[in-house]
Each structure stands twice: as C-alpha cells, then as structure tokens.
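Asker: Chains as they are written, first to last, in my numbering: chain H, -11 to 284; chain P, 1148 to 1372.
We put the CB at the ideal spot given by N, CA and C, even for glycine.
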Ligand SMILES: Nc1ncnc2c1ncn2[C@@H]1O[C@H](COP(=O)(O)OP(=O)(O)OP(=O)(O)O)[C@@H](O)[C@H]1O
Ligand SMILES: [Mg+2]
C-alpha cells in the first residue's frame, strides 16, 4: 500500500464532503486560534512574572554604630550567601544625594540638619520566588548591624500569587480547547464513515485491510488539523494587527515593543507551532473515531 | 479448492435459502450453476467469499474453513478470490479505471505497474476506451464487464462470477464466457452462475442445477443436456 495512494484517497474525501470539510475546518481553526491566544496570554503572564520578580530586591538598613570594618565584614557575609547574586552598598552620603534630587525633600532635610538617612545594602537574589525572598529577609534581619530588612513587600507577593492562579486557569482553558478540537474531528470522521458504509463494505469485500480503510481518514484528520492551524495563524496575525493599531492610536502603546526580535519571527514560529498542534490534534481525533467506528 | 459439507443457510427472517448442500470442486475446474430466480445461487456465491457465514455445515476454500478465519486473515483470504457481483458493487464516484485499480491497490501492488494491468484487464473485456468514464455513463452490460475486469485484474486463483452475462446480448455474453474459460487454462478455478441454457449447452462444463435451495441435479463436463 503506497503512501501516494493513501494521500490521494484522503484528498478524495476532502473533495467529496465539502460541507463537512468546511465545518471541521471552521471549528478547528477557531479552537486553534483560541489555543493560540491562550499561548500568547501564557507567554505574557510568564514575562510579566519574570519582570516583577526581576524587580524584587531585598534592602537591609544598617545601623550607624557599625563602622567601616564592621561594614566590610557585613558585606562579605552577605556575598558569601549562596542565594546572593549581587550587593550594592548605599552609604549615608549616597542616600542623601539620591534624595536631594527632589527639592521638597531637600528643604526638609536641610531643616533637620545633619544626615538622618541610614546606610543600606541592596541585595539581588538568584531565585526570586516569594518563599525564597521571605526566608532570606528573615535571615538578614538577624545579622548583627542590621537595623531592619524588607523586600518589595506584600504587593509584589500578592500579584505573583494572582498571576500563578491565572496561569492555572488559562491552562485549564487550553486543555478544554484541545479536547473540543479532538472531539469535533472525531465526530466529523464518524459522520464520514457513516456516509460511506457502502463504499467501505465494497472495499472490504475486495480484500482491503482495516488500515487500508483507516489510513486515508487519518491523513484527512492531519490535513484538516494542519489547515485549521494555518487559518488560525492567519486570523491571529490579523487580530494582532488590529489590536496593535488601536492600542497605538487610542492608548499610545506600541505593542511591537513587546516583540524584541521582530514580529515576523514570532509569526513564523507561531504558524509552525499552530500547524503542528493542529496536525497532532487532527490525528488524535481521527484515531479516536476510526478506533470506534472501524473495528475488524 | 472448494468444498461444501452439509451446508445450510437460513436468513434472519427464517427463510431457508440453502439446504444440505454438498459440493467438491477441484482446482482449475469450471463449474456452472443454474436454476430459477430465487433458487439460492447468489447465496451460494456469498458463502464462498465469506460475505456471509453458513448457518450450519462447513464451507472449505483453499483448505480453510471460512468460519474459522481470524478477522485479520479475512482481507488476505478475499484477495485470493475475484467476484463478479450480480449487483455490481462499483464505486460510482470513481472512474472505471479507478474501480478496477482499487482491486490492485487493496492487494498492495506498487504504483507503476497498476496502469498497465488495469488497461490490460479493460482491454480483455472490451472497455479499453471507457477507462476515464464514471460508471454512471456506462450501459448495464458495460458496467458488468467493469466488474469482471475488477474481479480478474489481480489474477486470483478463484473466480466467482454471479450472472456475469445477465445484461449482455448473446455475442458479448459469449465473449465473457470464453474469457472465463480462458482463465481456467492457467489453473484458475471458476464458479459461474447463469440463467442462460444456451451458454450451458455451448460451454459443455460441469453444471449444477439448484432449485429452492437444494441441488436437484448435476451435468458432467462434456455432457449435453
Ligand atoms: N438477506 C436476505 N434476507 C432474507 N432473504 C434473502 C436474503 N437474501 C436472499 N434472500 C432470499 O433467498 C433466496 C435466494 O436468493 P438468491 O439471491 O441466492 O437467489 P438467486 O438464485 O441468486 O436468484 P437470481 O437468479 O434471481 O439472482 C431468495 O428467495 C431471496 O429472497
Ligand atoms: Mg442471484
């Protein structure tokens, strides 16, 4: 049995049941488009999470009595901690200079006389998960010479937790979309099998094996999935253009800034991904159907 | 090649189509079956190609009891049988050539030789010019000959022809008969049903007479009626 023959037979089915093809193509491309959106959302959430986590740093406020030697020892202890990625020491003078930029604060500080600001150390951690940051901050607070220590605090914490929750919700959505696509393909193939009982009977009576009858249907499923993926990619690209246009005009946000390596690359990778995903879902759907309808 | 041992066939509506059929057909023989309409000729043919299983008794083809074939063996069993169905069983959305080629594709033939084999088979039945037509555009007799071409194209060792001349004039029908006789010369076994006593007379082959599901008589090869 040659592959060429199977593909020809699959295209014969494509040609024959035009309306079923349209229905399955429509359903497939919608599911895949939604799946593509889910993917974009997931990627966005992932990037946002990274972005927020990147900003997280722990600040230790030092008391004034430590002195130069104490400070060096303190900084060395911190640098040796396995979780620490980098430390920046902000002296009292530097803190004063940073705050003096604002004329109002400057006036206020001048009125106080002297320098009331504490020296501090800004510490970046290697792993910025909430648990990790909290544990490190507690450890830091108990070091000698540390007045107090804090990190971005509850806000960042809550946001990260919310994002994690959204990520789960989006994943659940993706799973149901995948199932919907598989179910649609499976049912359409079942319809095609019913419509072709007689033909299948004839093929069997002249000696066709089960796989000979199944093969074209499996290829049909793959073709449908791939075409749906291609259509979905086109629709998503169009949607992107529209959204980007309005967000630039109405909100003055240039969405292209979020695609650092260029829109074309994202489009090509996305299209390939959608076609591949579609083919796999199409194959899965047709396998479900032929397993059910075409037993020996 | 072919044996029936006390074969009974009762349809679901309790109709007894065949009763206590006993048969032995050696390899390479040409056997004709005749009898009135409704006698059970097509039923007998369908039992041989395992389209149905007998209610009782054994049908042995090529040393296989057809009732004992495993599902995965059935396609390979059927490829060794060519059948001219009385009701044609053509695929009407495929061309004549595609219909004939299907018997080869199903058997796992390589793509390149297919066209040649198909053309040869169509030529044998006198339809070499009709390959590109859909079966709808053929006359009844032409359709029947397409079915014959499909049944013979893969040179099966057993050829079952159910009323292969039913829609043909005497001259064309006789051509078909000669064709069937020809294939027995290469060792193919042929079982052919017909209503036409003229053919039975002219062929001088072994002939079984069935009526109401029972074999009523037999004419040996060479005998005249
Ligand atoms: N599926 C079926 N269910 C019930 N009865 C059937 C079925 N198929 C055939 N029969 C009956 O069995 C009998 C034999 O049918 P069969 O087709 O074998 O006759 P035949 O000898 O081939 O007749 P003809 O010469 O008209 O083709 C007929 O009376 C028919 O009505
Ligand atoms: Mg009949």
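Of all Cβ atoms in chain P, is any one closer than 7 Å to the Cβ of residue -10 of chain H?
Answerer: yes
Asker: Whose CA, out of P:1273, P:1357, P:1190, lies closest to the CA of residue 1318 of chain P?
Answerer: P:1273
Asker: Could you name the residues whose beta carbon sits closer than 7 Å to any heavy atom belonging to ligand 2, keeping them in chain order?
Answerer: Every residue passing the under-7 Å Cβ criterion appears here: P:1188, P:1189, P:1233, P:1309, P:1310, P:1340.
Asker: With DSSP as the reference, please indicate the residues paired to residue 1196 of chain P in a beta bridge.
Answerer: Per DSSP, none; premise fails for residue 1196 of chain P.
Asker: Quick check on DSSP: helix, strand or coil for residue 1150 of chain P?
Answerer: strand
Asker: Whole alpha helix (DSSP H) runs in the region 39 to 119 of chain H with 4 or more residues, listed along the chain?
Answerer: 55 to 68, 80 to 88, 91 to 100
Asker: Measuring straight from C-alpha to C-alpha, what distance separates residue 208 of chain H and residue 220 of chain H?
Answerer: When rounded, the distance between both Cα atoms is 18 Å.
Asker: Could you check if residue 1287 of chain P is buried or exposed, using at least 16 other CB atoms within 10 Å of its CB as the buried criterion?
Answerer: With fewer than 16 other Cβ atoms within 10 Å, it is exposed.
Asker: Considering only the alpha carbon of each residue, which of H:42, H:85, H:183, H:87 lies closest to residue 74 of chain H?
Answerer: H:42
Asker: With a threshold of 7 Å between beta carbons, is residue 197 of chain H in contact with chain P?
Answerer: yes
Asker: Does the distance from the C-beta atom of residue 1212 of chain P to that of residue 1205 of chain P stay below 7 Å?
Answerer: yes
Asker: With DSSP collapsed to three states, give me the class of residue 1302 of chain P.
Answerer: coil
Asker: Going by beta-carbon coordinates alone, are residue 110 of chain H and residue 45 of chain H separated by less than 7 Å?
Answerer: yes
Asker: What residues of chain H sit near residue 1254 of chain P, judged by a beta carbon separation below 8 Å?
Answerer: 195
Asker: So what does residue 1205 of chain P bridge to, in DSSP terms?
Answerer: According to DSSP, residue 1205 of chain P bridges with P:1152.
Asker: Does residue 281 of chain H get closer than 7 Å to chain P when you measure Cβ to Cβ?
Answerer: no
Asker: Residue 257 of chain H: buried (16+ other C-beta within 10 angstroms of its C-beta) or exposed?
Answerer: exposed
Asker: DSSP has residue 1139 of chain P in a bridge; who is on the other side?
Answerer: Only positions 1148 to 1372 of chain P appear in this structure, which leaves residue 1139 of chain P out of reach.
Asker: Find out if the Cβ-Cβ distance for the pair residue 1307 of chain P, residue 1180 of chain P is shorter than 7 Å.
Answerer: no
Asker: Under 8 Å between beta-carbons, which chain P residues line up against residue 191 of chain H? List them in chain order, please.
Answerer: The answer, in chain order, is 1249, 1253.
Asker: What residues are listed by DSSP as bridge partners for residue 149 of chain H?
Answerer: Its beta-bridge partners do not exist; DSSP assigns none.
Asker: Does residue 99 of chain H pass the burial test, meaning 16 or more other C-beta atoms within 10 Å, or should it be called exposed?
Answerer: exposed
Asker: Using a Cβ-Cβ distance cut-off of 7 Å, determine whether residue -1 of chain H contacts chain P.
Answerer: no
Asker: Along the chain, where does the alpha helix (DSSP H) that runs through residue 1164 of chain P open and close?
Answerer: Segment 1163 to 1172 is the beta strand (DSSP E) holding residue 1164 of chain P; no alpha helix (DSSP H) there.
Asker: Which residue or residues does DSSP assign as beta-bridge partners of residue 292 of chain H?
Answerer: Outside the displayed range of chain H (-11 to 284) lies residue 292 of chain H, so it cannot be described from this structure.
Asker: Check whether the region 1195 to 1202 of chain P touches the region 1150 to 1159 of chain P, counting contact only when three or more Cβ pairs, one atom from each stretch, lie closer than 8 Å.
Answerer: The answer is yes - the region 1150 to 1159 of chain P touches the region 1195 to 1202 of chain P, with three or more Cβ pairs under 8 Å.
Asker: May I have a chain-ordered list of the alpha helix (DSSP H) segments no shorter than 4 residues that lie completely inside the region 1241 to 1293 of chain P?
Answerer: If only complete runs of 4 or more residues are kept, the region 1241 to 1293 of chain P shows the alpha helix (DSSP H) at 1243 to 1254, 1258 to 1271, in order along the chain.
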